[in-house]
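Numbering of the sequence shown is given in the working numbering, commencing with residue 10 and proceeding in unit increments. Even for Gly, the Cβ is constructed at its ideal location relative to N, Cα and C. Treat the numbers as computed from the prediction; the structure is a model and nothing was measured.
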Amino acid sequence: MLPRRAFLAACASTAFAAAASRPNILLVVVDDLGYRDLGFQGATDAKSPHIDALAKSGIRCTNAYVSHPFCSPTRAGMLTGRYQQRFGHENNPVYNPNDEVSGLPTDQITIAQTLQSAGYRTGHIGKWHLGAAPKFHPLKRGFDESYGFLGGGHQYFTAQMEGRPAEYLTPLERNGKPEKFEGYLTDRLSDEAAAFIQQRDAKQPWFLYVAYNAPHTPQQVGDPYLSRFPGVASDQRKKLDAMVAAVDDGIGRILATLKQRNMDRDTLIFFLSDNGGPIGINGSDNAPLRGAKGQLYEGGIRVPFVVRWPRRLKPGAYQQPIISLDIFATAAAAAGAKPAVLDSVDLLPFLSGKNKSAPHKHLFWRTGGGVQWAIREGRYKLVRRRGVAPELYDLEADIAESKDLAAAQPEIVQRLEAALSAWDRELIPPVFAGPPPNPGKKK
Ligand code: CA
10 MLPRRAFLAA CASTAFAAAA SRPNILLVVV DDLGYRDLGF QGATDAKSPH
60 IDALAKSGIR CTNAYVSHPF CSPTRAGMLT GRYQQRFGHE NNPVYNPNDE
110 VSGLPTDQIT IAQTLQSAGY RTGHIGKWHL GAAPKFHPLK RGFDESYGFL
160 GGGHQYFTAQ MEGRPAEYLT PLERNGKPEK FEGYLTDRLS DEAAAFIQQR
210 DAKQPWFLYV AYNAPHTPQQ VGDPYLSRFP GVASDQRKKL DAMVAAVDDG
260 IGRILATLKQ RNMDRDTLIF FLSDNGGPIG INGSDNAPLR GAKGQLYEGG
310 IRVPFVVRWP RRLKPGAYQQ PIISLDIFAT AAAAAGAKPA VLDSVDLLPF
360 LSGKNKSAPH KHLFWRTGGG VQWAIREGRY KLVRRRGVAP ELYDLEADIA
410 ESKDLAAAQP EIVQRLEAAL SAWDRELIPP VFAGPPPNPG KKK
């Protein structure tokens, strides 16, 4: 039998080993960022040194998708690890605290709930957009702490309120209680993320979901960010670059805080945009991809995507198709929790090179309960719109989806149509409609 002091030391070291083997998990999502709006994605005007460094020291996933071409459904799929059409979350919810239907259905398990049950301290910062009724609140969906706003966007300065939907004007809230904020919203969210990390006890692993609303409209930004882009002629593009620079500064602060707390090697980080850029609206650029936010061409759903975990993953690029749904199983596996999740694949064996096969045979998309569909299988992608003949593209040869091969390859069309229809039959109709068009919206 061990002497008491040695016994306690052994217990402490075992506890430490258990904690050390389970990484902290940081999920950073940006809003409406285009495919070529960051330095490592090929932007020549944008300045994103910290996100570029994150990509360089992590794994850049070059065929990475989100499960929807706009905000709320992507988040619903990402946080549950399931195609969100399986539970009818196929539209953006109306912002209405009295609406108990428009939001992420409460019978769906979130990654925050899973990690919370596994002993993680969980935090949400920024945009929610998964329902405004009390039952949909982040604190009810697995988060121990929450700071941000419940709607689909927000004004960035307290004083700039013109022409936006009411949900953009709500007070920010901390753990459900309204709280005034001063300064620039993107900076505030970064401060909160850094403070969350500062306050953590090294013995308890944590999960932090940081959902920046930048660079979603309204395009509100000032110095010090705007003045970094004197050579950018387009006012819209200059503001986009400046809003991205604010996010980048914030991510730099978050990464510096991780280093300072000696948590850098043991934190699993995901970084992605929630959909493609809405080109023409916020100055975003999806080149070389076709299309934009809202569409199932690559420009709507293929996004910048980085996974970084210095302890376990060597830096590099990963080229097999993956999807934002995979964040759930990957995070859960890293945490030692292995829930049965229908559509999500643990990417760790693939990203570490142990498994050389493709994580998914197929990836699927559907919008509006059946307005647009798409399926990807290997190099091929089929895009189908209601009332229009299906289109087929070879993405390895034609990333821009410029040459429709449907007429030349009818057997591939037939195979992908059959797989897509089989998936579609597993889905339910949307359980809530999207908000009506906003008359105050300028663009
Ligand atoms: Ca978005």
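| Item | Value |
| --- | --- |
| Local Cβ density within 10 Å of R388, reported as buried at 16 or more and exposed below that | exposed |
| Nearest candidate by alpha-carbon position, reference L47, set G261, G140, D294 and P106 | D294 |
| Cβ-based burial, A3 [other Cβ within 10 Å; buried from 16] | Because the chain in this structure spans residues 10 to 452, residue 3 falls outside the shown range and cannot be described. |
| Closer than 5 angstroms to ligand 1: residues, by C-beta to nearest heavy atom, in chain order | D40, D41, C80, D283 and N284 |
| Buried or exposed by the 16-neighbour rule on C-beta atoms within 10 Å, applied to N184 | exposed |
| beta-carbon I278 near ligand 2 non-hydrogen atom, thresh 7 angstroms | The model depicted lacks ligand 2 and carries ligand 1 instead. |
| Exposure of S430, with buried meaning 16 or more beta-carbon neighbours within 10 Å | exposed |
| The region 394–405 in contact with the region 339–358 per 3-pair CB rule at 8 angstroms | no |
| Three-pair Cβ contact test at 8 angstroms for the region 173–183 versus the region 244–256 | no |
| Beta strand (DSSP E) segment containing E400, residue limits | E400 to D403 |
| Rounded straight-line distance, which links the Cα of T83 to that of G161 | 12 angstroms |
| Q381, DSSP secondary structure in three states | strand |
| N- and C-terminal bounds of the beta strand (DSSP E) containing V241 | From DSSP, V241 is part of no beta strand (DSSP E); its letter is neither H nor E. |
| Neighbour-count burial assignment, V380, 16 or more Cβ in a 10 Å radius | exposed |
| Closest by C-alpha distance to K370, when choosing among P114, L298, K390 and G292 | K390 |
| Three or more C-beta pairs below 8 angstroms linking the region 150–161 and the region 250–264 | no |
| Nonlocal neighbours in the same chain, by C-beta distance under 6 angstroms from L35, ignoring five residues either side | L217, T276 and I278 |
| D54 versus M252: straight-line alpha-carbon distance, rounded | 13 angstroms |
| Contained alpha helix (DSSP H) runs [length at least 4] in the region 84–139, N- to C-terminal order | 120–126 |
| Beta-carbon separation (whole angstroms), D4 vs T131, contact threshold 8 angstroms | The question about residue 4 has no answer here: the residues shown for the chain are numbered 10 through 452. |
| Alpha carbon of S7 to alpha carbon of V219, nearest angstrom | Past the boundaries of the shown model lies residue 7; the chain is included only from 10 to 452, so the question cannot be answered. |
| Alpha helix (DSSP H) segments (min. 4 residues) lying fully within the region 218–287 | 244–269 |
| Buried versus exposed call for R311 [16 or more other C-beta atoms within 10 Å across all chains shown] | buried |
| Whole beta strand (DSSP E) elements within the region 142–171, 3-residue minimum | 154–158 |
| Where L334 falls, given that 16 or more other Cβ within 10 Å makes a residue buried | buried |
| R197 (DSSP reduced to helix, strand or coil) | helix |
| E176 - DSSP class collapsed to helix/strand/coil | helix |
| Q207 versus P32 - alpha carbon distance | 16 angstroms |
| T376 in three-state terms, based on DSSP | strand |
| Chain-order list of residues whose beta-carbon lies under 6 angstroms from that of N72 (same chain, five-residue window excluded) | Q328 and P330 |
| Run of the beta strand (DSSP E) containing P187, from where it starts to where it stops | K186 to E188 |
| Cross-strand partners of E386 (DSSP beta bridge) | Y389 |
| Cβ contact check for the region 218–237 and the region 190–208: 3 or more pairs under 8 angstroms | yes |
| Residue closest to N107, alpha-carbon to alpha-carbon, out of A142, G362 and A265 | A142 |
| Chain-order list of residues whose beta-carbon lies under 7 angstroms from that of L425 (same chain, five-residue window excluded) | I384, E386, Y389 and L391 |
| Sheet register partners of N33 (DSSP bridge) | T276 |
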